[in-house]
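Quick note: the sequence shown uses my numbering, first residue 10, plus one each step.
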Amino acid sequence: MGVGRIYRMLALTTREIALLVALACLYALFEGIGVGMLAPVLQYIEFGDAAPQSSSAIWTALQGFAEAIGLPITLGTLLLLAFIPIILRQFVYFAYSYYTARVQQRAATRLRSEGFAAIAHGDLAWVMHEGQGNLVSNLTAQVMRGGAAIFQFVQQISTSLLVTMYIAILLFLSWQLTAIAVVSVGLISILVRRSVTRSRRLGAETAERNNEVYTVIGERIGAIRLIKMLGQEDRETRLVTEVVRKLENVQVRIGISRGIIEVTIDPLQMLSVFGIVYVGVTYFGATLASLSLFLFILLRLNQKVKDFNVGRQMLSANIDSLVSVRDTISRAEDSRDIKSGARAFEGLSESIVFDHVGFSYQEEEGEEAVLRDVNLTVPRGSQIALVGRSGAGKSTLVDLIPRLREVTHGRVLIDGVPIAEFDLRSLRRGIGFMTQEAVLFNDTIYGNLVYGLEREPTADAVQKALERSYCLGFIEQLPHGLDTEIGDRGFRLSGGQRQRLSLARVFLEDPAIIILDEPTSALDSESEEYIQRALQSVRHEKTLIVIAHRLSTVQRADEIIVLDRGVIVEQGTHDELIELDGSYRKLFDLQIYR
Ligand SMILES: Nc1ncnc2c1ncn2[C@@H]1O[C@H](COP(=O)(O)OP(=O)(O)O)[C@@H](O)[C@H]1O
Ligand SMILES: [Mg+2]
């Protein structure tokens, strides 16, 4: 991957990168001065004051400086002067480290919130398809590794600056020896690069395995009740262990490839050092001072080149995480193909009409359509029950109204207006939606009640909604009433209470249309009775579409729609359909409804 692409991938701002580069340059400068100061020190040790100064410019400057502040030139003062740039360098290094960490964390935060926004706005079907584990891992672990990639990228910049500076000093000392040094360092780098290619592959595999571990563990914890009940603890543990082992395996392979680099580099470096000593002494009559300085810098150069290569390796391993996160974000954004209309949705005055509606997932691949030629009119104020076997397409049908899914054929009209013409936000706000799983957040009862409401409801409105949804009774029993924390996903409430609370939220929103997707199928009959009564209390006032598994709900409906494999097969009141003796009768006899 090219530097340009990596750079774009990291999404650093120009200001951030400029400041980082400036700090890295300053660091390299002080490092250079500090190391350069060793030249006079070594020469002083070898020759004393009367040195045949080769680097006389440094000496003249030093002598001038020492005289000006009234210091005699001794070994002590020289060392002291050499120490000052080192101290300065460390200050710069601190600023650099701090800023790198900040930039890294800021970028990670940006990625996470951008990522979540993309997912939140993404198409529902896409989000469901991706799966919770995968998306969560993308926004947590993968982003973290992506953040590390940013750190490594910045580190690469500063390392290359240092490398350049060291080579400059070496050239200044002896260009012939530098030529030998650069050739040997270059050869070593080529060797290292080979193994980098391998690491990249392993990096991609790590990202994949990581996602797998997240998904597998997440799924199992979600299903912990079932696992316990079926006594599958050990089996699932084995399965998880197996997946984790695969991750371990990749990690070990990365370790090995890293180890091979470390082991081979050292002897090669020593070989080049010996070569330089030999050539320097034999052919160029190098002094001890110049040779030791040369080697000292060469060792530092070697270290930096090594850092650079290892950094490159880690960068390429982590960049894959970043690619995976970016990829998810862009796919989430691409999935968002629903365009909002302009017309504000202001309620229902006549009817909802399904006009030759069809829906399918992969049309071109000849898959069977989920819904076919559905024609249906839901008059304002009516209660419609939707029944049919599991997988018949009931949920899909109701999802079409708030455009959680888009029709692939035909149109859905509200008061004669195609729903695509409505402003999406106002359309969805005008529809109360409740599913089998009451969706609650870890907050107080009140917090859940007013979640997403445009303005704070009056105490009266809250009271009325709670009353109509039969919530007052149980809320009064709670220690802190409305301010009771309900815990993660509302675990402190029973299923029926959760469901009634969701219904209270729907009532409080006061939508024109209420859609309930199997609201009572997970409830006991007493809780169901409460929901029933709650629904009766809004009869004729709200338009209600309910997917039901319970006879009591279905019987009271104005009209029952029987859906089978995406087609409306029967339609009428309970008595009419029993009389008809068809699909509904069959479902009824099979005791699908209890
Ligand atoms: N993401 C998907 N890709 C392909 N088919 C799907 C997808 N989601 C659901 N289906 C299919 O759509 C059909 C209708 O599903 P659904 O509306 O949930 O049924 P119901 O609510 O009546 O049980 C089912 O046959 C199901 O297999
Ligand atoms: Mg369903």
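Don't be surprised by glycine CBs; every beta carbon is placed ideally from N, CA and C.
Closer than 7 Å: residue i CB and nearest ligand 2 heavy atom
i           : result
residue 404 : yes
residue 526 : yes
Where residue i falls: helix, strand or coil (DSSP)
i           : result
residue 451 : coil
residue 363 : strand
residue 466 : coil
residue 581 : strand
residue 12  : helix
residue 9   : Given a span of 10 to 603 for the chain in the structure shown, any question on residue 9 remains unanswerable.
residue 421 : strand
residue 132 : coil
residue 156 : helix
residue 445 : coil
residue 567 : coil
residue 354 : coil
residue 394 : strand
residue 415 : coil
residue 7   : In this structure the chain extends from 10 to 603, so residue 7 is not present and cannot be described.
residue 276 : helix
residue 123 : helix
residue 377 : coil
residue 382 : strand
residue 430 : helix
residue 316 : helix
residue 527 : coil
residue 572 : strand
Proximity test, residue i beta-carbon vs ligand 1 heavy atom, cut-off 7 Å
i           : result
residue 370 : yes
residue 418 : no
residue 394 : no
residue 367 : no
residue 558 : no
residue 130 : no
residue 18  : no
residue 4   : With the chain covering 10 to 603 only, the question about residue 4 has no answer from this structure.
residue 140 : no
residue 490 : no
residue 531 : no
residue 379 : yes
residue 227 : no
residue 326 : no
Contacting residues, own chain, Cβ-Cβ under 8 Å from residue i (five flanking each side not counted)
i           : result
residue 352 : 426, 430, 431, 432
residue 421 : 361, 362, 363, 364, 366, 409, 410, 427, 428
residue 419 : 363, 364, 365, 366, 367, 382, 383
residue 224 : 140, 142, 143, 146
residue 462 : 517, 518
Residue i versus residue j - alpha carbon distance
i           : j           : result
residue 395 : residue 206 : 58 Å
residue 247 : residue 30  : 49 Å
residue 337 : residue 140 : 12 Å
residue 577 : residue 526 : 17 Å
residue 2   : residue 97  : In the structure displayed, the chain extends from 10 to 603; residue 2 sits before or after that span and is not available.
residue 318 : residue 341 : 35 Å
residue 512 : residue 401 : 25 Å
residue 590 : residue 579 : 10 Å
residue 268 : residue 275 : 12 Å
residue 189 : residue 35  : 28 Å
residue 603 : residue 130 : Below a pLDDT of 50, predicted positions are generally treated as unreliable, and residue 603, at 48, falls in that range; the measurement from the model is reported next regardless. Near 38 Å, if we compare the C-alpha coordinates of residue 130 and residue 603.
residue 157 : residue 113 : 7 Å
residue 563 : residue 557 : 6 Å
residue 471 : residue 464 : 12 Å
residue 242 : residue 219 : 22 Å
residue 349 : residue 132 : 13 Å
residue 486 : residue 235 : 31 Å
residue 281 : residue 150 : 42 Å
residue 493 : residue 502 : 11 Å
Other residues of its chain near residue i: CB distance less than 7 Å, five sequence neighbours each side excluded
i           : result
residue 222 : 252, 253, 256
residue 515 : 441, 443, 523
residue 6   : With the chain running from 10 to 603 in the structure shown, residue 6 is simply not present.
residue 125 : 148
residue 437 : 411
Cutoff 6 Å; reference residue i; Cβ partners in own chain excluding five residues on either side
i           : result
residue 645 : The shown model of the chain, from 10 to 603, leaves out residue 645, and the question about it has no answer.
residue 278 : 311
residue 481 : 475
residue 215 : 259
*Which full runs of the alpha helix (DSSP H) of 4+ residues lie inside the region 212-254, going along the chain?*
233-238
*Just list the alpha helix (DSSP H) runs in the region 43-104, keeping only unbroken ones of 4 residues or longer that don't cross its boundaries, in chain order.*
47-56, 65-77
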